[in-house]
Structures are given as C-alpha cells and as structure tokens.
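Below is one structure, written out as structure tokens; the observations come after it.
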Amino acid sequence: MRKLFAVLLIAFSASANEFSYRSLQSGSPIGPTPLHDRGIHGEGQIVAIVDTGLEYSSCYYAEPDGSAPPFNTGTPSGGLDWTNVDLSRRKVIAYDFLYSCNQYPGAKGCDAIGAPGALDNHGHGTHAAGAIAGDSGAPIKHDWGDAIAPGAKLVIQDAGLTTGDACTQYPGIGCPAVLTPIFEQAYKQGARIHSNSWGDRQGVPYPATPPTANYSSTSREVDAFVWSHPDSLLVFNTGNASGNGTPPASSLSAPGSAKNTLQVGGTRYYGSGDDDILAQFTLFGPSRDGRIKPDVVGPAKVMSGDIDLNNDGRACEATDSDGTSWAAPSVAGAAALVRQYYTDGFYPTGVATTANRITPSAALLKATIIAAARPVLWRPQNGNLIATKPVPSNEQGWGFPVLDDALYFPGDARHIRVVDVPLSSGLAQGQSSTIRVQLKSNAPFKAVLVWTDPPGVVRSIADPTPELVNDLDLRVNDIATNDHLNNVEALSLAQPSPGAYDITVTASQLRFGPRQSYALVILGDFDIANPAPLRSRSVRH
2 MRKLFAVLLI AFSASANEFS YRSLQSGSPI GPTPLHDRGI HGEGQIVAIV
52 DTGLEYSSCY YAEPDGSAPP FNTGTPSGGL DWTNVDLSRR KVIAYDFLYS
102 CNQYPGAKGC DAIGAPGALD NHGHGTHAAG AIAGDSGAPI KHDWGDAIAP
152 GAKLVIQDAG LTTGDACTQY PGIGCPAVLT PIFEQAYKQG ARIHSNSWGD
202 RQGVPYPATP PTANYSSTSR EVDAFVWSHP DSLLVFNTGN ASGNGTPPAS
252 SLSAPGSAKN TLQVGGTRYY GSGDDDILAQ FTLFGPSRDG RIKPDVVGPA
302 KVMSGDIDLN NDGRACEATD SDGTSWAAPS VAGAAALVRQ YYTDGFYPTG
352 VATTANRITP SAALLKATII AAARPVLWRP QNGNLIATKP VPSNEQGWGF
402 PVLDDALYFP GDARHIRVVD VPLSSGLAQG QSSTIRVQLK SNAPFKAVLV
452 WTDPPGVVRS IADPTPELVN DLDLRVNDIA TNDHLNNVEA LSLAQPSPGA
502 YDITVTASQL RFGPRQSYAL VILGDFDIAN PAPLRSRSVR H
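According to our numbering, the sequence shown is numbered sequentially starting from 2.
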C-alpha cells in the first residue's frame with residue numbers, strides 16, 4: 002500500500018470524506034445527499050472490520066459517557082468468544098481481540114487487555130473504521146469528517162500487527178490464515194457486512210512478491226463462508242502498487258479476488274477528490290482464471306476520525322491518507338446504506354414501509370452496488386491521463402457506485418425491480434425464470450445478475466482452470482452475456498426502444514447441489530404501480 006504504514010496527520014483542510022459521502026450518493030463531490038436526506042444513514046446496520054484495532058476514545062466512536070466497549074478475547078482450547086455485545090451503544094457494540102494474551106499466552110506482541118498499546122497503536126484500523134461509520138455527532142447531522150454511514154454500528158476485530166511476516170501481517174488472522182472463526186464471530190454479533198483491507202502473502206516472507214489473484218486456500222474459505230452464510234457480504238480491497246505506470250495484470254491480492262467477495266479498487270489520482278480518475282496505485286485483475294476483478298472502485302483518498310498519534314491530548318483527531326485500504330471500507334459503508342434501503346422497506350416505493358421490509362442476501366447487495374456503478378473515464382500512466390477500457394474491465398470492474406443511480410425514490414424517472422431467490426427455491430439444472438418489464442422511454446436500461454457460487458478448488462498462480470462451479474446465464478430478449486467464467490453478469494442498453502423486455506435467468510450447468518440461488522437487479526423507465534409479485538415463469542430446456 003502506498004501509505005499503508007504512514008498516516009499523515011493534517012489540519013482540518015479539504016476533507017476527502019467530505020467528497021466521499023456525497024460522491025457515493027450522487028456522483029459528485031459537491032452533489033446532493035439523496036439517501037441521507039431520506040433518513041438513510043446506516044441505522045440498524047452492523048459492519049465488522051478486521052484490522053489493527055480501534056482507538057474508541059476518539060469522538061468519532063466514543064460513547065457519551067466515555068465507557069469502553071464490551072471486550073471479547075478467547076482461550077487456547079475454546080477459541081474466540083463472541084458473547085459480549087451491547088447493542089445499545091451508539092457505535093462500537095463489540096471489541097474483539099483476535100490476538101489476545103488470553104488465547105495466545107506468551108506469544109510475542111499479544112494484546113494484554115488493559116495494557117498500554119492493547120488497542121490500535123498503529124492507526125490503520127481506526128482510519129478504516131472511520132471511512133465506514135465514523136460519526137462525531139448525531140447521525141442526522143453531517144459533521145466534518147463523518148463517514149458515508151454515520152448511523153451504522155461497528156464490530157471491531159483487532160488482529161494486531163506484525164510487519165514482515167509471511168501471511169497477512171495481522172497475527173490474529175493466523176499464519177497460515179484461518180478465517181472462518183473470525184467471520185463467524187462477527188456474524189454471531191450481528192454483522193452482515195464485513196470490511197477487510199488486507200491480503201494474504203500465502204506463506205511468502207516479506208519482501209519477496211507473494212502470489213496474487215490466484216484461488217488460494219483463504220479464497221476458498223471466503224467463498225465457503227458466504228455459501229453457508231448467504232446474507233453476509235465480505236468486502237476486500239485490491240491492495241496497492243508503487244509508481245505511476247500501469248500495474249501488472251492479475252496483481253490484486255487474494256482472498257479479495259475470490260468469487261463471492263465484493264473487491265474494491267481505488268479512485269482519486271494523487272489524492273484528488275476526483276472519482277472520475279483511477280488512483281495511480283490501484284491494482285488490476287483479472288483473477289488467474291480470468292474472472293473480472295475488482296468488482297468496483299471506491300474513494301481511495303479519505304479523511305476520517307483517527308488515533309491521536311501525536312499524543313497531544315486531542316480526542317477528535319482526523320487524518321488524510323490514500324490507499325485502497327480506505328476504498329473498501331468506504332464501499333462497505335455504502336453497502337450499509339443499500340442494506341438499510343431494503344431492511345427499512347424503501348423498496349419498491351422509495352418510501353420506508355414496514356410491510357415491504359426484506360432481508361437482502363449478499364448477492365443482492367453486490368448486484369445493487371454493481372448496478373449503481375458508473376464507468377471511471379481516466380487512469381494515470383507515466384504522469385499522463387489515458388482513457389480507461391470499457392466496463393467491465395480489470396482496471397475498475399464495473400465502475401464507481403453512485404447509489405442514487407440504482408435506488409428508487411419518488412419522482413425518479415428510473416425504477417428498480419429486484420429478485421432475491423434463496424437456495425431453497427433456486428433454479429434447477431436447465432431451468433429458467435423470466436421477468437417482463439415494459440419500458441416507457443429510451444432511458445438507459447440495466448440488468449445485473451449475481452449469485453453466490455459454491456467454493457472452488459485451491460490453485461496456484463500457474464493454474465488458470467476456471468473456478469466457477471454453477472453457471473447461470475443472463476439474457477435480455479435476444480441479447481445474452483455468454484459468460485461462463487464469472488458469477489456476475491450484466492447487460493446494459495444505453496438507448497433502448499420502448500416496449501416489452503424479457504429478462505431471463507437460466508441455470509445452464511449446476512455442478513453442485515440440486516438448485517442455485519441468485520439475485521437480479523433491473524433498472525429502467527418502467528412502471529412500478531403494482532410491482533409485487535413480479536411476473537415470472539419457469540420452464541425446463
């Protein structure tokens with residue numbers, strides 16, 4: 002990472018968070034905030050983050066009474082505890098020590114609860130948490146440096162920091178990394194979005210170059226967890242390159258390059274607030290088996306609430322730093338707003354309605370974020386700006402998510418329809434499901450299909466065998482994606498002719514299980530007067 006271990010403390014000047022919370026909602030750093038204006042700040046959402054910890058005394062995370070969050074550690078025989086949770090707290094409902102001296106007695110650098118330095122003595126985790134849900138005041142009022150989801154709550158999973166190891170540099174994740182107990186701990190504590198700004202060196206000691214973009218053991222573990230917890234969205238960053246040239250193909254990190262993650266690259270060239278230019282350090286795909294990665298890009302220059310590294314007694318410090326370590330949590334925060342849109346019943350009318358509340362799958366959240374994405378037009382190369390490749394690309398995936406482009410509110414010309422089909426009622430081999438919409442104008446149309454695929458086979462960087470297990474296909478009238486590598490497919494029509502459009506999902510080949518779940522998001526100028534139930538049919542081919 003360009004500044005992974007260097008946090009620059011600055012005075013309150015031009016704040017990149019002041020750009021982020023606007024640009025992720027409306028696409029402009031000075032644009033409106035349509036989600037916040039309608040009471041969507043992340044309320045009711047819990048986001049977990051694995052990182053170096055959190056300085057919870059900062060005003061962006063502190064309780065009014067200054068009390069410490071509930072701590073969880075572990076034991077050598079019993080593993081991680083998760084039971085100390087306080088949902089009444091405004092920000093940190095649980096602080097989990099993944100590398101505590103209780104669980105690893107005598108281990109070098111283990112966290113002794115209550116000892117100086119047991120919390121975030123680095124700053125990386127505190128900054129990343131601030132990009133998700135930092136809030137120095139009431140969430141209905143934006144305060145300087147607040148995050149995109151100031152109303153969301155946090156589960157902090159403090160993995161410590163050991164630079165130069167052969168794994169993740171976070172000893173609490175393990176070496177080799179073991180992820181399932183960590184994800185399970187946060188899931189039991191209520192988190193349904195999980196932010197990760199780290200990569201797995203897969204046993205290669207620093208400074209040697211680790212494997213990249215391959216389907217590692219941790220990639221398989223990530224995919225297996227989402228397969229068994231289909232409402233858990235795991236967000237990862239790409240990692241970062243040095244220099245100002247073109248990053249090598251397939252340079253992004255595992256396990257973020259797994260199938261069921263939402264992997265996020267970065268925008269904001271040389272620290273600008275411009276989300277129409279890729280950052281000079283964002284890494285490129287594809288995965289080693291040719292899948293499109295990253296999935297999207299997000300703000301990679303962010304100011305947020307941080308640890309007081311100067312030890313000057315200020316409890317409301319903020320820092321400005323760049324790297325895709327901030328892009329992933331920024332998009333995780335945006336996903337919390339999307340999730341609230343569904344859980345509060347804003348879909349389909351655009352007005353919160355109790356009877357319309359739904360619990361979205363991770364596939365639906367990912368599909369909505371991708372449906373909201375706009376192409377980023379420029380990227381740097383050797384000091385110049387050149388045009389990016391058309392999306393989807395391995396430079397930026399599907400683009401930069403602008404939530405108002407996907408989520409419907411009263412008065413919008415564009416509408417949204419979604420289908421979130423669980424495994425129990427998913428498609429069987431050869432089965433299709435079709436939805437018909439009647440487009441009223443030639444306004445842009447988009448359909449995005451995402452499914453949580455079963456875990457694949459661990460492979461080296463030299464093995465390009467496709468990891469896709471269950472192959473679904475998307476068709477709009479007579480236009481098909483013909484994609485047999487990715488578990489994300491999309492079709493866009495810039496100026497469709499008005500008329501009837503059939504959007505069909507087909508289970509072309511299922512190698513595992515009798516059925517496959519999926520999520521479908523459709524955007525366009527069509528009526529939603531009576532959107533439920535959606536018109537669908539199933540046939541066998």
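Note that CB positions come from ideal geometry on N, CA and C, so glycine has one too.
Own chain partners of residue i with C-beta closer than 7 Å, once the 5 adjacent residues on each side are dropped
i      : result
Asn312 : Low local confidence applies: a pLDDT of 48 at Asn312 is under 50, so the model's placement there is unreliable, with the coordinate-based value given in what follows. So no residue of the chain qualifies.
Tyr271 : Gln281
Glu354 : Per the sequence shown, the amino acid found at residue 354 is Thr instead of Glu. Excluding positions up to five away in sequence, the list reads Gly346.
Ala178 : Cys168, Thr169, Asp201 and Thr219
Tyr188 : His230 and Ser233
Asp82  : Asn73, Thr74 and Gly75
Arg91  : Glu64
Thr247 : Gln382
Selected residue, minimal CA-CA separation from residue i, among the options
i      : options                           : result
Ile149 : Ile157, Ala130, Asp166 and Pro172 : Ala130
Asp87  : Gly412, Glu64 and Ala328          : Glu64
Asn140 : Leu338, Glu185, Thr262 and Gln430 : Here residue 140 turns out to be Pro, not Asn, going by the sequence shown. With distances taken between Cα atoms, Pro140 lies closest to Leu338.
Pro211 : Ile183, Val236 and Asp166         : Asp166
Ala388 : Ser394, Asn395 and Trp379         : Trp379
Thr262 : Leu279, Ala319, Asn238 and Pro249 : Asn238
Lys390 : Val265, Val419, Phe285 and Gly175 : Phe285
Gly412 : Lys294, Ile529, Gly291 and Asn483 : Ile529
Tyr216 : Lys294, Ala448, Ser68 and Gly110  : Lys294
Pro106 : Leu424, Gly80 and Gln432          : Gly80
Ile544 : Gly267, Ser137 and Gly45          : No answer is possible for residue 544: it lies beyond the span of the chain, which begins at 2 and ends at 542.
Pro361 : Phe446, Val506, Cys317 and Val419 : Val419
Ala491 : Ala481, Pro497, Ser498 and Asp276 : Ala481
Pro445 : Pro300, Phe184 and Pro499         : Pro499
Ala495 : Ser137, Ile114 and Leu524         : Leu524
Ile436 : Val506, Lys447, Pro467 and Thr344 : Val506
Leu424 : Ala407, Asp454, Leu408 and Lys447 : Asp454
Where residue i falls, given that 16 or more other Cβ within 10 Å makes a residue buried
i      : result
His485 : exposed
Arg193 : buried
Gln190 : buried
Lys367 : buried
Leu386 : exposed
Lys142 : exposed
Lys154 : buried
Ser196 : buried
Tyr370 : Residue 370 is actually Ile in this sequence, not Tyr. With 16 or more other Cβ atoms within 10 Å, it is buried.
Ala463 : exposed
Arg512 : exposed
Ser21  : buried
Tyr207 : exposed
Residues sharing a beta bridge with residue i, DSSP
i      : result
Asp421 : Ala520
Arg437 : Asp503
Leu450 : Glu490 and Leu521
Pro381 : Leu386
His157 : Correcting the residue identity first, residue 157 is Ile in this sequence and not His. In the DSSP output, where bridge partners are listed per residue, Ile157 has Ile50 and Tyr96.
Gly115 : Note: Gly115 sits in no beta bridge, so no partner.
Arg1   : Outside the displayed span of the chain (2 to 542) sits residue 1, for which this structure offers no information.
Leu234 : Ile194
Phe527 : Leu440
Ala429 : Arg516
Leu81  : Gly75
Ala167 : For Ala167, which the question treats as bridged, DSSP gives no partner whatsoever.
Gln341 : Partner(s): none; Gln341 has no beta bridge.
Sequence-distant residues of the same chain with beta carbon closer than 6 Å to residue i, five excluded per side
i      : result
Asp66  : none
Gln439 : Ala501 and Phe527
Asp121 : Thr53, Gly54, Leu55, Glu56, Thr127 and Ile308
Ala214 : Ser251, Leu253, Ser258, Ser288 and Arg289
Gly314 : Residue confidence is low: Gly314 scores 48 on pLDDT, short of 50, so the model does not pin down where it sits. Its coordinate-derived value is still stated next. The answer is none, since no qualifying residue turns up.
Asn357 : Gly346
Tyr96  : Pro70, Phe72 and Ile157
Val422 : Ser518 and Tyr519
Asp224 : Ala259, Lys260, Asn261 and Pro456
Sequence-distant residues of the same chain with beta carbon closer than 8 Å to residue i, five excluded per side
i      : result
Trp452 : Ala364, Asn471, Leu473, Asn488, Gln517, Ser518, Tyr519 and Ala520
Asn531 : Its pLDDT being 44, under 50, Asn531 is placed unreliably in this model, and the coordinates cannot settle the point.
Lys441 : Pro499, Asp526, Phe527 and Asp528
Ser58  : Gly67 and Ala316
Minimum Cβ-Cβ distance from residue i to chain B less than 9 Å
i     : result
Leu55 : Included in the structure is just one protein chain, with no chain B present.
Query raised in the report: For the segment 253–264 against the segment 193–206, are there 3 or more C-beta pairs whose distance is under 8 Å?
Result: yes
**Report entry** Validate contact between the segment 396–409 and the segment 373–383 using beta carbons, cut 8 Å, 3 pairs
**Finding:** In this structure the segment 396–409 touches the segment 373–383; the number of beta carbon pairs closer than 8 Å is three or more.
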